[in-house]
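Visitor:
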Amino acid sequence: MIELKKDSFEFHNKFQPQRVYLAQILNLAANGYEGTKEEISEVTGIPTGKSSGKVVPHIKYANYMGLINYSLCRQKYKLEITELGKEVYKQDPMLTSKVTHLLCHYNMCDDIQGAPQWTYLFKYFKEENTQCINVDILNKIAFKEIGKNVDFKIINTIYSSSCSEDNILGRILLKVNKGQYEFEKVPYNFEEIYVYAYSLLDSWEKYCNDSNQITIDTLIENIRWGNIFGLNRSSILDILDELEDLGIVEVNKQMLPIVIQRIDSSKNVIEKLYDFCG
-18 MIELKKDSFE FHNKFQPQRV YLAQILNLAA NGYEGTKEEI SEVTGIPTGK SSGKVVPHIK
42 YANYMGLINY SLCRQKYKLE ITELGKEVYK QDPMLTSKVT HLLCHYNMCD DIQGAPQWTY
102 LFKYFKEENT QCINVDILNK IAFKEIGKNV DFKIINTIYS SSCSEDNILG RILLKVNKGQ
162 YEFEKVPYNF EEIYVYAYSL LDSWEKYCND SNQITIDTLI ENIRWGNIFG LNRSSILDIL
222 DELEDLGIVE VNKQMLPIVI QRIDSSKNVI EKLYDFCG
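Mapping to this note's numbering: the sequence shown position 136 is 117, numbers consecutive.
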């Protein structure tokens, strides 16, 4: 049985993440803001109400995306920007860059950082050869593997919506078509190479930090880093070659299985994330 975070699958309150609202939350976190959801609504224009609204879901989305941390005490949300969030805020405060979108997608899918639906669907359910799945069948498989009903409705909403500029996740990896989830590979562009560097090192530090060397099989089968981006073994090797050229890792292809050695750290890579953006 797959163990996922105990966080509520209903964190989104049926609202999809909107880029402009996330940018407002990020701005508040960058300034160390603290206030009730009503006060946050007043200063940002994000709608809220007594029992519902978009403020709290967007705080949680921003947290799952690795941009902010927050705490709640006496109905007041204390927002703090993360180290990753600081670089995003510095380089792309309106969250329009593909680099930013990929970073948010990666963190949404992470076991520790992310949202449980995304973790399950993109990291654990999605395998190298999985191209599509009927949503009803997915629900049955998820119930068997997780031991509870999983709400994928918000994913339907996000990935079946039109590709508007305000949809920060909806153009990445998945299409929803007539009751089917169709998985796609994230197109690789060198401009985003440091997203792959950061995410690889971040995953390595979280799940295999006691070793500076891992095999390609460990990366694919245990860390499951490639699943998040829809990468097959060949694509992973191509990216590793690029990362070796940048001094991020060393790859020993003479070993069987191939051995990867980390040279850099995710913390050091953060400031390089947008280096190749036009």
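Cβ atoms here follow ideal geometry from the backbone N, Cα and C, with glycine treated the same way.
1. Taking all protein chains shown into account, decide if PRO168 is buried (16 or more other Cβ within 10 angstroms of its Cβ) or exposed.
2. Keeping to the same chain, check which residues put their C-beta closer than 6 Å to that of CYS90; ignore five residues upstream and five downstream.
3. Give the single residue among GLY207, ARG243 and PRO238 whose Cα lies nearest to the Cα of ASP191.
4. Distance check for GLN112 and LEU237, CA to CA, integer angstroms please.
5. Measure the C-alpha to C-alpha separation of PHE124 and HIS(-7) and round it to an integer number of angstroms.
6. With a CB to CB cut of under 8 Å and the five nearest residues on each side skipped, what residues in its chain are close to ILE161?
7. Give a yes or no on whether the C-beta atoms belonging to GLU165 and LEU154 are separated by under 9 Å.
8. Roughly how many angstroms separate the alpha carbons of SER141 and LYS134, rounded to a whole number?
9. Is LEU254 near GLU68, with beta carbons less than 9 Å apart?
10. Taking only the alpha-carbon atoms, compute the straight-line gap between LYS(-5) and ASP226 and give it to the nearest angstrom.
11. Quick check on the burial criterion: 16 or more other C-beta atoms within 10 angstroms. Buried or exposed for LYS107?
12. Could you have a look at GLU223 and say whether DSSP puts it in helix, strand or coil?
Guide: In short, the structure shows the following:
1. exposed
2. TRP99, THR100, PHE103, LYS104 and ILE209
3. ARG243
4. 28 Å
5. 20 Å
6. The question names Ile, but residue 161 is Gln in the sequence shown. Excluding residues within five positions, the ones whose Cβ falls inside 8 Å are CYS113, ILE114, ASN115 and VAL116.
7. yes
8. 10 Å
9. yes
10. 44 Å
11. buried
12. helix
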